[in-house]
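Protein chains in written order, with the numbering used here: chain A, 5 to 361; chain B, 4 to 328. Worksheet: one structure, shown below.
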Amino acid sequence: MAKSAAPKKKQSKANKTFDKAIKKTLTNQKAPLEGLDLSEEKLIQIYRQMLLIRRFEEKAAQMYGMEKIMGFCHLYNGQEAVAVGANAAMHETDYMLTAYRDHGHALVKGITANEVMAELFGKVTGCSRGKGGSMHLFDAEKRMMGGHAIVGGHIPLAAGFAFGSKYKAEQDVTVCFFGEAAANQGVFHETLNMAALWKLPVVYICENNRYGMGTAFERAFAVWDIYERASAYNMPRDVVDGMDVLDMYRKTKEAVDRARYEHIPTFLEARTYRFRGHSMSDPIHGHYRTKEEVEEMKAKDPIINFGELLKKENIFSEEQMKEMDDEIKKIVNESIEFAEKSEEPPLEDLYTDVIVE
Amino acid sequence: MPVQPYIEAISAALWEEMERDKEVFLLGEDIGVYGGAFKVTKGFLEKFGEERVIDTVLAEAAIIGAATGAAIVGMRPVAEMQFADFVTCGFNQLVNNTASIHYRWGLPVPMVVRLPSGGNIHGGPFHSRNPEAWFFHQPGLKLVAPSTPYDAKGLLKAAIRDPDPVLFFEYKYLYRRIKGEVPSEDYVVPIGKADVKRKGNDATIITYGPTVHVALDAAQDIAGSDEYDVEVLDLRSLMPFDKEAILQSVKRTNKVLILHEDTLTGGIGGEIAAFINENAFEYLDAPVRRLGACDTPVPYAPTLETEFLPGKDKVLKNLKELLEY
Ligand SMILES: Cc1ncc(C[n+]2csc(CCOP(=O)(O)OP(=O)(O)O)c2C)c(N)n1
Ligand SMILES: [Mg+2]
Numbered sequence: 005m006a007k008s009a010a011p012k013k014k015q016s017k018a019n020k021t022f023d024k025a026i027k028k029t030l031t032n033q034k035a036p037l038e039g040l041d042l043s044e045e046k047l048i049q050i051y052r053q054m055l056l057i058r059r060f061e062e063k064a065a066q067m068y069g070m071e072k073i074m075g076f077c078h079l080y081n082g083q084e085a086v087a088v089g090a091n092a093a094m095h096e097t098d099y100m101l102t103a104y105r106d107h108g109h110a111l112v113k114g115i116t117a118n119e120v121m122a123e124l125f126g127k128v129t130g131c132s133r134g135k136g137g138s139m140h141l142f143d144a145e146k147r148m149m150g151g152h153a154i155v156g157g158h159i160p161l162a163a164g165f166a167f168g169s170k171y172k173a174e175q176d177v178t179v180c181f182f183g184e185a186a187a188n189q190g191v192f193h194e195t196l197n198m199a200a201l202w203k204l205p206v207v208y209i210c211e212n213n214r215y216g217m218g219t220a221f222e223r224a225f226a227v228w229d230i231y232e233r234a235s236a237y238n239m240p241r242d243v244v245d246g247m248d249v250l251d252m253y254r255k256t257k258e259a260v261d262r263a264r265y266e267h268i269p270t271f272l273e274a275r276t277y278r279f280r281g282h283s284m285s286d287p288i289h290g291h292y293r294t295k296e297e298v299e300e301m302k303a304k305d306p307i308i309n310f311g312e313l314l315k316k317e318n319i320f321s322e323e324q325m326k327e328m329d330d331e332i333k334k335i336v337n338e339s340i341e342f343a344e345k346s347e348e349p350p351l352e353d354l355y356t357d358v359i360v361e
Numbered sequence: 004m005p006v007q008p009y010i011e012a013i014s015a016a017l018w019e020e021m022e023r024d025k026e027v028f029l030l031g032e033d034i035g036v037y038g039g040a041f042k043v044t045k046g047f048l049e050k051f052g053e054e055r056v057i058d059t060v061l062a063e064a065a066i067i068g069a070a071t072g073a074a075i076v077g078m079r080p081v082a083e084m085q086f087a088d089f090v091t092c093g094f095n096q097l098v099n100n101t102a103s104i105h106y107r108w109g110l111p112v113p114m115v116v117r118l119p120s121g122g123n124i125h126g127g128p129f130h131s132r133n134p135e136a137w138f139f140h141q142p143g144l145k146l147v148a149p150s151t152p153y154d155a156k157g158l159l160k161a162a163i164r165d166p167d168p169v170l171f172f173e174y175k176y177l178y179r180r181i182k183g184e185v186p187s188e189d190y191v192v193p194i195g196k197a198d199v200k201r202k203g204n205d206a207t208i209i210t211y212g213p214t215v216h217v218a219l220d221a222a223q224d225i226a227g228s229d230e231y232d233v234e235v236l237d238l239r240s241l242m243p244f245d246k247e248a249i250l251q252s253v254k255r256t257n258k259v260l261i262l263h264e265d266t267l268t269g270g271i272g273g274e275i276a277a278f279i280n281e282n283a284f285e286y287l288d289a290p291v292r293r294l295g296a297c298d299t300p301v302p303y304a305p306t307l308e309t310e311f312l313p314g315k316d317k318v319l320k321n322l323k324e325l326l327e328y
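If you want it as structure tokens, here you go:
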């Protein structure tokens, strides 16, 4: 068997591959807003959504430490631009699915901070009445179709949603997120082939944050440009700077339009980074990645960089940002209060809804 | 004898078997650099190198299938499912390939799949399952489910040395909560042998895995308050299960409660009950009782999960009704 140690050299090569897509951060591009159909209002909303996620996750971490949140809890810090940028390109009626790192997706799809926090607390006012918890956030009305904890398990579900939309001649698109490690499950390949063959209105967005738990992508992929996998299915594909909310928007918009109007699926690989450990029980750095690497990636913070851009373009002032931050912190604090005060699910709830009643 | 937590007994068994036999190797997600999701294999990569401690990609079907192939050609793979729940993704390999190779080809498949199982850790529906019944129904597989550090180490060693594929159910809830004496010299706990964890004459609780401790707790309580003497028979091996030990106990106590953490309907308890009815009916002073988790998915909310699991209160209620029958 080939030795995959001597990781230094391999890692620096992998770094280069990875960074190709995320070299140009927003702020050092010449005219990042040019040619974008985004109003100032919408740009501010995008900023707000990312900040809400960040503040929510910070609070969730704190609540986990206080044992208000139990079990497993995976935070989205650092990856906010992926869900927010993609969502900005979606219609409200479009379906969204993701894996277990789902707080950000749920919030941007319109589930309230109250309902998400209450779900993490296991309260009856949570979006899943406390039955699902952190990894399984869900609201059919908002078309947030989970929150899925079996890695890769939701990829074919997305094809089913897209099939339904197409069959019923509805113009909805399904956007399905998953971590890069999920692309190693067989079902990823099975479904991409099916989606291409059936010409489904679906967009697959692989959030490549470099690690699947403690395994670096270069140790898990024979070909490092993951987006190229879609070439096997003759599916349109692209690599996106997942730290740049505008790049996410732009490329998802193209893909979503292609899905909606031409029934052509797309595979996007968003290169991004998680600032926290894999889950709350994993330290931020240690045996599988260095402190230096984490610090370096933090310089690409999608929220800070986008905020700088809005300031530079005179769209949003420092003061307005501060005000918004205060308002968001209030919302998040209120979600704690809401979750605290909410009732535990009644014990009868255990037995309800196992099948249609 | 040194006292060790359950999880360390598992690590020790793996370590010693790898030292003993160079055909033994480990494969699974994050077991090397990361040391395993629960740190069972911490330090293994450094000691045994990456040819024997293999960080796989996230692909359970490929892990189990490749382990099966390697076993057929004479290796002794120990595959880790990060959580037992994820074995679902490798189901086809296990029940079709792994389980039937020897029947069709006459070639042994000496492999182990480790399955961190069970609830009580608030993991929600897909990180809490007890999937043993699915595999109990599949001829060609052996299943073991230790409840103590001693049994865990001895059964894992036996499983690794066994010529057949063995599913090793280990319990996340017990990992660091249960400590016990573990000999430092080599030993095995033979597959197929149950163990009386508490002697008694008035009724038998037949159980395995984490509910052994619930049963012991309940038996203790009832001995204190009602002066009944309840036996706790730990099956340890589920397939094959120890028919002799079951009959011996039942014939003596004449009353049986079968207890498992897996959901009740279609659980292993049904088969044990049928076995007792067929073989010891005339010794029974009461209908065989069963208690398992409720027939629902595993809920996240801690309050609901407590209601879901067969905890001590439920065991006591069942025991009392049984004893007073
Ligand atoms: C089928 C399955 N196998 C294993 C796991 C355990 N597990 C949970 S997350 C994870 C790593 C996934 O990494 P990735 O897909 O890159 O997502 P990220 O955590 O980076 O967002 C693993 C191995 C699981 N949940 N499901
Ligand atoms: Mg990842």
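Cβ coordinates follow ideal geometry from the N, Cα and C atoms, glycine included.
How would you write the range of the alpha helix (DSSP H) that residue i sits in, first residue to last?
i, result
"residue 200 of chain B", "That residue, residue 200 of chain B, is in no alpha helix (DSSP H); its beta strand (DSSP E) goes 198-201."
"residue 214 of chain B", "214-228"
"residue 160 of chain A", "159-171"
"residue 189 of chain A", "Segment: none, residue 189 of chain A is in no alpha helix (DSSP H) and carries neither H nor E."
"residue 339 of chain A", "322-345"
Rounded to the nearest angstrom, what separates residue i and residue j at their Cα positions?
i, j, result
"residue 168 of chain B", "residue 299 of chain A", "46 Å"
"residue 79 of chain B", "residue 182 of chain B", "28 Å"
"residue 281 of chain B", "residue 265 of chain B", "23 Å"
"residue 67 of chain A", "residue 74 of chain A", "9 Å"
"residue 346 of chain A", "residue 335 of chain A", "16 Å"
"residue 60 of chain A", "residue 109 of chain A", "12 Å"
"residue 325 of chain B", "residue 278 of chain B", "19 Å"
"residue 10 of chain A", "residue 191 of chain B", "With a pLDDT of 47 at residue 10 of chain A, under the threshold of 50, the modelled position of this residue cannot be trusted; read the value that follows with caution. Those two C-alpha atoms are separated by around 38 Å."
"residue 277 of chain A", "residue 47 of chain A", "22 Å"
"residue 271 of chain A", "residue 239 of chain A", "7 Å"
"residue 350 of chain A", "residue 41 of chain A", "48 Å"
"residue 121 of chain A", "residue 100 of chain B", "44 Å"
"residue 357 of chain A", "residue 302 of chain B", "12 Å"
"residue 13 of chain A", "residue 21 of chain B", "30 Å"
"residue 257 of chain B", "residue 289 of chain B", "7 Å"
"residue 131 of chain A", "residue 205 of chain B", "48 Å"
"residue 286 of chain B", "residue 33 of chain B", "51 Å"
"residue 36 of chain A", "residue 319 of chain A", "13 Å"
"residue 86 of chain B", "residue 312 of chain A", "43 Å"
Against residue i, what residues of chain E qualify as contacts under a CB-to-CB distance less than 7 Å, listed in chain order?
i, result
"residue 76 of chain A", "In summary, chain E is missing from the structure at hand, where the protein chains are A and B."
For the beta strand (DSSP E) that residue i lies in, which residues bound it at each end?
i, result
"residue 61 of chain B", "Run containing residue 61 of chain B: none; DSSP gives neither H nor E here."
"residue 183 of chain B", "182-184"
"residue 210 of chain B", "206-210"
"residue 234 of chain B", "233-237"
"residue 241 of chain B", "240-242"
"residue 7 of chain B", "6-8"
CB of residue i to nearest heavy atom of ligand 4: below 7 Å?
i, result
"residue 23 of chain A", "By its list of ligands, the structure shown excludes ligand 4, since it contains just ligand 1 and ligand 2."
What residues match up with residue i in a beta bridge as DSSP calls it?
i, result
"residue 312 of chain A", "None; residue 312 of chain A has no bridge partner."
"residue 180 of chain A", "A/101 and A/208"
"residue 145 of chain B", "B/169"
"residue 274 of chain A", "A/211 and A/244"
"residue 266 of chain B", "B/296"
"residue 31 of chain B", "B/58 and B/83"
"residue 119 of chain B", "B/173"
"residue 261 of chain B", "B/209 and B/293"
"residue 353 of chain A", "For residue 353 of chain A, which the question treats as bridged, DSSP gives no partner whatsoever."
"residue 220 of chain A", "A/215"
Measure how close the beta-carbons of residue i and residue j come, nearest whole angstrom, since I'm counting them as under 8 Å.
i, j, result
"residue 120 of chain B", "residue 174 of chain B", "6 Å"
"residue 205 of chain A", "residue 166 of chain A", "5 Å"
"residue 17 of chain B", "residue 59 of chain B", "The Cβ separation is near 16 Å, so there is no contact."
"residue 153 of chain A", "residue 129 of chain B", "4 Å"
"residue 144 of chain B", "residue 13 of chain B", "The pair is not a contact, with the Cβ atoms about 20 Å apart (cut-off 8 Å)."
"residue 208 of chain B", "residue 238 of chain B", "Actually they do not touch by this definition, with Cβ atoms about 11 Å apart."
"residue 50 of chain A", "residue 249 of chain A", "6 Å"
"residue 178 of chain B", "residue 10 of chain B", "4 Å"
"residue 300 of chain B", "residue 126 of chain A", "Contact flag wrong, Cβ pair sits at about 15 Å."
Less than 8 Å between the beta carbons of residue i and residue j, yes or no?
i, j, result
"residue 263 of chain A", "residue 209 of chain A", "no"
"residue 93 of chain B", "residue 63 of chain B", "yes"
"residue 149 of chain A", "residue 310 of chain A", "no"
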